[in-house]
Each structure stands twice: as C-alpha cells, then as structure tokens.
Amino acid sequence: MKSEWKLRIFIMIAIIEFLMILAIYSQITPQNPVSSKKKFPAVLVINIDGEIITSNFFGIYEERDQNRTNGTSSMNIIRMLEYFSEDDSIKAFILEIDSYGGQTAGKEEIARYIKRMDKPVITVITNKALSSGYFVAASTDKIYAKKSSQIGEITKTFVYVDRTRKGQKQVCTITSSTYKTISLADCNGFDPIIFEKLRAQVAGSHELLVSHIAEMRGLSESSIENISNVKIMNSEEALKSGLIDEVGTTNDAVAWLEDELNTHLKILYLRDMLPGKK
Amino acid sequence: MKNKAHTLLKNIIVIELVLIAIGLLFIQFHKLSDKPASSVLIIDIHGEIVDSAHSNSYHKDTSGKNAVSVSAEELIGILQHYENDDNIKAFILDIDSNGGSSAGSDILIKQIRQMKKPVIAVVRDQALSAGYYIASATERIFANELSNIGDIGHTSIIGYTKDDLNYKECYVSSSEFKRMYYDDCEGFERTQIYKEKKNHLIKATDIMAREIATFRNLPEDHVLKLADGTIFSGVGALRLGLIDEVGGLHEAVDWLEGELGMELDIVYYREMMHE
Numbered sequence: 001m002k003s004e005w006k007l008r009i010f011i012m013i014a015i016i017e018f019l020m021i022l023a024i025y026s027q028i029t030p031q032n033p034v035s036s037k038k039k040f041p042a043v044l045v046i047n048i049d050g051e052i053i054t055s056n057f058f059g060i061y062e063e064r065d066q067n068r069t070n071g072t073s074s075m076n077i078i079r080m081l082e083y084f085s086e087d088d089s090i091k092a093f094i095l096e097i098d099s100y101g102g103q104t105a106g107k108e109e110i111a112r113y114i115k116r117m118d119k120p121v122i123t124v125i126t127n128k129a130l131s132s133g134y135f136v137a138a139s140t141d142k143i144y145a146k147k148s149s150q151i152g153e154i155t156k157t158f159v160y161v162d163r164t165r166k167g168q169k170q171v172c173t174i175t176s177s178t179y180k181t182i183s184l185a186d187c188n189g190f191d192p193i194i195f196e197k198l199r200a201q202v203a204g205s206h207e208l209l210v211s212h213i214a215e216m217r218g219l220s221e222s223s224i225e226n227i228s229n230v231k232i233m234n235s236e237e238a239l240k241s242g243l244i245d246e247v248g249t250t251n252d253a254v255a256w257l258e259d260e261l262n263t264h265l266k267i268l269y270l271r272d273m274l275p276g277k278k
Numbered sequence: 001m002k003n004k005a006h007t008l009l010k011n012i013i014v015i016e017l018v019l020i021a022i023g024l025l026f027i028q029f030h031k032l033s034d035k036p037a038s039s040v041l042i043i044d045i046h047g048e049i050v051d052s053a054h055s056n057s058y059h060k061d062t063s064g065k066n067a068v069s070v071s072a073e074e075l076i077g078i079l080q081h082y083e084n085d086d087n088i089k090a091f092i093l094d095i096d097s098n099g100g101s102s103a104g105s106d107i108l109i110k111q112i113r114q115m116k117k118p119v120i121a122v123v124r125d126q127a128l129s130a131g132y133y134i135a136s137a138t139e140r141i142f143a144n145e146l147s148n149i150g151d152i153g154h155t156s157i158i159g160y161t162k163d164d165l166n167y168k169e170c171y172v173s174s175s176e177f178k179r180m181y182y183d184d185c186e187g188f189e190r191t192q193i194y195k196e197k198k199n200h201l202i203k204a205t206d207i208m209a210r211e212i213a214t215f216r217n218l219p220e221d222h223v224l225k226l227a228d229g230t231i232f233s234g235v236g237a238l239r240l241g242l243i244d245e246v247g248g249l250h251e252a253v254d255w256l257e258g259e260l261g262m263e264l265d266i267v268y269y270r271e272m273m274h275e
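Here the protein sequences come in this chain order: A and B.
The first sequence: position 41 = 41 (our numbering), numbered continuously.
The second sequence: position 161 = 161 (our numbering), numbered continuously.
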C-alpha cells in the first residue's frame, strides 16, 4: 500500500516537472520578430545613396555596377526604420546621406515617416545632399555635414518636355530658377495652355519645397527663397545659412547622441547586415 | 496522526503544483492558438497594367529589380483569394503606374467594386490614366503632395503607312494634352482612320470620366472638364477632389484602423512572394 502511494507521488512529480519545463520553455520562446536577446544600446547607421526612388522591388540599394550604389528605394528605407524601431537596443538612427536627389515622392515618403518616429533620427551628409537628398536631411532632428560636403539645389524642381510635333522637334525646360521669367517663346511651338500648365507645375512644387524646408529648419520662407538660387554650398556656408547644424563626422554625431541619451552607443551599419555585402 | 497530516499536505502541494502547471500551459496554448493578428494586405500595382496573366504577375526589368508591368488578372486572383482569408481585414493598393490596358483596368475595377472588405489606394510617384482610374474605384485615395495624378483619357497606337512607303506607329489620343510627348505622325491626322479612332477614344474617355465622377461622388461636369490628359500634383488633385488625403502607407493604415476600430498589422504581398 505504502509503495503504491510512493509510486503515485513519483509519477505525479514526474508529470509536474515535465509540464513545468514545457511551460517555462514556451514562455521564453521569443514572440517578437526582432530578437529579444540582450544587446548593447546601439545607433543604427543607414546609408541613403544616389537617386531616391519609389520602386518597391529595388532591394534596399540598387547597384548599377559592382562598386557603387546608385539608388535607394524610399519604401525599403522606411521598412528598415520601421523594423529596427521595434528593436529596444536600437536607441537612435543616423542617416548617412550621399544623394544628388531623386523622385519628389520618394523624399516626401521618407520625411513623412521620420516625423512619425519616436526615436531620434539625425543626418550626416557624407559627400553631397542636393535637392531631394537635402529634403530628407532637413526632416531629421539634426544635420551634420563633413567639411568637404556639398549642400544645395534645395528647392530644385523642373519639368523637361521633349517631343516631336508636326515633324518638328520641340523642347521645353522650366526650372525653379527660371519659372518666373520664362516666356512662351522659350518653349517654341508649345501650345500656350500646355506651357502655362508646365510653368504652374514648377511654381507649385517650388513653393511647397520652400515652405516645407523653412518649416523643418525653423527658418523664414524668405531666407530659403534667397538661397534657393545659390547653386551649391560648402558646409561652412550651409552652416551660416542655417541649412545644417554642425560641421562634423558620424563619430561627432554619435558623441552628440550619447550625450543626449546619456548612454554609450555601439555603432551598427545596416549595410553590414545585408546579405552578400563585403 | 502526524504522518497522515504530512501526507495530506504533500498531496495538496502536489495537486496545487499540477494546477499551476496546467494553468501556465493553458495560458501558453491559448496564446499559441490565438489567430494571427488582423492584418491589412498591401498589393503593388507598379508599372504598366496589362490584362493577361503572366507566369509571374510582377514583370521586372532586365536588372530584375524594378516592376515594369503588372497583370490585372493576377491582381484579381490575389484580391479574391484574400477576400476569403479571415485574417486580412482590408486591402491597400500601392499604386505607382502610368496606366496601361483599358481592358485590364476595367476587369480589375469590377473586382474592386465587388469586394466586401475595404480596398483603398496609396499613390506613390504616379497614378496616371488607367492607374488613376483604378485608384478612383477604391474607397479612399492617399497620395504624396507631389505625386503625379490624373492624365484621364485614352490613347491608342495605329500603324500608319504614309505614301505606302514609311510604316510608322502613330498615336491617337482623346485630347491634345494626353501623351503630348509622342510623335503624332505628320499627315496622319487627316486620315479617316485617325478621325474614327479619335472619336472612339473621346467616347471612351467620356464614359471613364462619368464613372470616376460616380466613384468619387463628384459632379460629372467637373470630372469631364478634368479628363483632358492633364497631370495634377497631389495637392492639386486634393483641391479638385481627385484624391482624399495627402499621406502614404502608414497614414492609410491609421485611417483603416479608425474605420474598422481595430489595430492592423501590415502584410506586404511582395514579401510573401519571396517566402
């Protein structure tokens, strides 16, 4: 009788142990898509290189030859910001920008998503931030540029129409710096209504860019208008105009973030995490 | 007596432990058996819209990275399949297209209008011609401030042999502003076939404009005036009632969450294709 009880208790304990192990195991299985392993606080550096475009099928970067990146997909940059925002160890983001511009919609999408983010996003202009490239920079919390960086064409927008009509080649180019002074004669052969539509298109885009950049940088629209025709500035000139906040490198930007967040930050590069990258 | 009490205590502890373990397991199994979260499915409509089915609905360029055409039949298949998936609560069409086949857009629009779950559109760089027509059939259109929107009208290509010598492919369009970038073939405008085709395209554009007016709840006269092939910016299109809101994918998801009263996970169809 006694041994029967002992056996029962032994079986019960065995079952309990089995169930407990199962329960504990299933509790510690990570549910979050971003690994829940304990990691050091880090800042993620994301490169925005070349032309900013809206294609979704781009991978993150398009490489037109093996050594250079010539394009960046706005949607895939947003996906990366979205994905790593969920990772508790990533405390901030740095965009390293080397872009001469791109599609107007692409820059708008990245800028709008950055506005929604809770974690700090700052920019380091490595080589150049022109046109749409600068617009993305302006949407971040702080802009660093290297001494030799080129900044400019900040409100650049244009239309270029090349067509053949009644056997004659017709070309019409209207830019943000010419739309106020251009006349129909400069677009010889174009219908006045079409010419006016093209001119209005450039005027509208230019006004929007001026007002957005002024708002994002806390500057007056007239000051942006005044520098909008300056071709390309170096970082000293951009600093004086209020287009950037500091002359410095990625390391300076990280030091500033460490100060702000009061923590040591490991630097992670998105490009090192991508498959097939050297 | 002491021994009996000791055994009783032991049994109680054992039973309690069993109950705790069962409880923990129950919680865990409940978590695991939870249906996947409610989601919104993002479907890309990038590049030219064609009607026939390909082996792959998203045709890509030579680099294999950019979509150059998308098949309406395959898009219909995707919509029909996920309409029956309980986890998918709504659809967002991610549109970046300068148009395409009117037969393709017609069948796709028919499917969108039949859907019971909400279908909305997010315009990326452009929603032109058939690309906009498809967007107009959805419940709500979001676009960037400087997206290219409109180009409402029709064009067609006709082979034209001038003086029986030079074969050329000539464009006919419903309006002067539509596809103004193309060569319109000198002399072709005077042919009977040009006049007949142009009339046909004007009639087709009239039907398209009236349908857009119905879909968008706008006066027909207003849309008929806009149906001359003009391309509007996102802000211009907003003023004219051609879109509902300036915003992108995340603003569209916010709107759907408000409408449906639930949180939605974003599921990208293009990413499911690679799984």
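Ideal Cβ positions, reconstructed from N, Cα and C, are used throughout, including at glycine.
Alpha helix (DSSP H) runs contained entirely in the segment 63-100 of chain B, provided each spans 4 or more residues: You should have 72-83.
Closest residue to S233/B among V159/A, P192/A, F190/A and A214/A (Cα-Cα distance): It is V159/A whose Cα lies nearest to the Cα of S233/B.
CB contact check: I16/A to chain B, cutoff 7 Å: For I16/A, the answer is yes, since a Cβ of chain B falls inside 7 Å of its Cβ.
Any chain A beta carbon closer than 7 Å to V18/B: At least one chain A Cβ lies under 7 Å of V18/B.
is_contact[E169/B, chain A] using C-beta, thresh 7 Å: Proximity of E169/B to chain A, defined by a Cβ-Cβ separation below 7 Å, is not satisfied.
Buried versus exposed, by CB contacts within 10 Å (16 or more), Y134/A: Buried, because 16 or more other Cβ atoms sit within 10 Å of the Cβ of Y134/A.
Whole-angstrom C-beta distance between F142/B and E245/B, which should lie under 8 Å: For a cut-off of 8 Å, the C-beta gap from E245/B to F142/B is around 5 Å, short enough to register as a contact.
Residues sharing a beta bridge with F188/B, DSSP: Paired residues: none, contrary to the question.
Chain B contact for L130/A (CB, 7 Å cutoff): Not one chain B Cβ lies under 7 Å of L130/A.
S177/A versus I193/B - alpha carbon distance: Note on geometry: alpha-carbon atoms of S177/A and I193/B lie some 44 Å from one another.
Touching by the beta-carbon criterion (3+ pairs, under 8 Å), the segment 179-190 of chain A and the segment 248-267 of chain A: At 8 Å Cβ cutoff, the stretches do not touch.
is_contact[L240/B, chain A] using C-beta, thresh 7 Å: Interface annotation, L240/B: not in contact with chain A, CB-CB separation never under 7 Å.
Chain-ordered neighbours of M12/A on chain B, where CB pairs are closer than 8 Å: Listed along chain B are V14 and V18, each with a C-beta nearer than 8 Å to that of M12/A.
Segment contact, 8 Å Cβ cut-off, at least three pairs: the segment 112-119 of chain A with the segment 6-21 of chain B: The segment 112-119 of chain A is not in contact with the segment 6-21 of chain B.
Reference K195/B, options Y171/B, L19/B, G131/B and I207/B, closest by Cα: Taking only the C-alpha atoms, the option nearest K195/B is Y171/B.
Span separating the alpha-carbon of S263/A from that of I13/A: Looking at the sequence itself, residue 263/A is Thr, so the reference to Ser does not match. So the alpha carbons of these two residues sit roughly 47 Å apart.
N32/A classed as buried or exposed, judged by whether at least 16 other C-beta atoms fall within 10 angstroms: Because N32/A sits at a pLDDT of 48, beneath the cut-off of 50, its placement in the model cannot be relied upon, and the point is left open.
Ranges of the beta strand (DSSP E) found wholly within the segment 191-247 of chain A, counting only runs of at least 3: Listed in chain order, the beta strand (DSSP E) runs fully inside the segment 191-247 of chain A are 232-234, counting runs of at least 3 residues.
Terminal residues of the alpha helix (DSSP H) in which F40/A lies: Per DSSP, F40/A belongs to no alpha helix (DSSP H) and is neither H nor E.
Spatially closest choice to Y132/B from E251/B, S39/B, A209/B and N217/B, by CA coordinates: Considering only alpha carbons, the answer is A209/B.
Runs of alpha helix (DSSP H) wholly within the segment 106-167 of chain B (minimum 4 residues, chain order): Correct list: 130-136.
Buried or exposed by the 16-neighbour rule on C-beta atoms within 10 Å, applied to V171/A: Exposed: under 16 other Cβ atoms inside 10 Å.
N226/A classed as buried or exposed, judged by whether at least 16 other C-beta atoms fall within 10 angstroms: Its Cβ having fewer than 16 others within 10 Å, N226/A is exposed.
Sequence-distant residues of the same chain with beta carbon closer than 6 Å to T155/A, five excluded per side: For T155/A, same chain residues with a beta-carbon under 6 Å away, outside a window of 5 residues either side, are S176, H206, L209, V210 and S228 in chain order.
L208/A at chain B interface by Cβ criterion, 7 Å: Taking 7 Å as the CB threshold, L208/A lines the interface with chain B.
Supposed close pair I95/B, A121/B - CB separation, criterion 8 Å: For I95/B against A121/B, the beta-carbon gap comes to about 6 Å, under 8 Å, which counts as contact.
Contacting residues, own chain, Cβ-Cβ under 7 Å from S89/A (five flanking each side not counted): Excluding sequence positions up to five before and after S89/A, its CB lies within less than 7 Å of the CB of K39, F40, P41 and A42, all in the same chain and listed in chain order.
Beta-ladder partner(s) of D49/A, from DSSP: DSSP lists D98/A as partners of D49/A.
CB-CB length for E73/B against D51/B, believed under 8 Å: Correct: roughly 6 Å between the Cβ atoms.
CB contact check: L25/B to chain A, cutoff 7 Å: Yes, contact with chain A.
Sequence-distant residues of its chain with Cβ nearer than 6 Å to T173/A (five each side left out): Within the same chain, T173/A has close Cβ partners Y160.
Euclidean distance between Cα positions of D65/A and D86/B: With a pLDDT of 48 at D65/A, under the threshold of 50, the modelled position of that residue is not reliable, and the figure given next carries that caveat. In this structure, the alpha-carbon of D65/A lies about 44 Å from that of D86/B.
Under 7 Å from the C-beta of N144/B: neighbouring residues of chain A: Neighbourhood of N144/B in chain A, by CB distance below 7 Å: A105, E108 and E109, in chain order.
Neighbour flag for P30/A against chain B, beta carbons, 7 Å: The predicted model places P30/A with a pLDDT of 47, which falls under 50 and marks its position as unreliable; any figure quoted below should be read in that light. No - not a single Cβ of chain B is within 7 Å of the one on P30/A.
Runs of beta strand (DSSP E) lying entirely within the segment 113-150 of chain A, each at least 3 residues, in chain order: Segments of the beta strand (DSSP E) lying fully in the segment 113-150 of chain A: 121-130 and 143-145.
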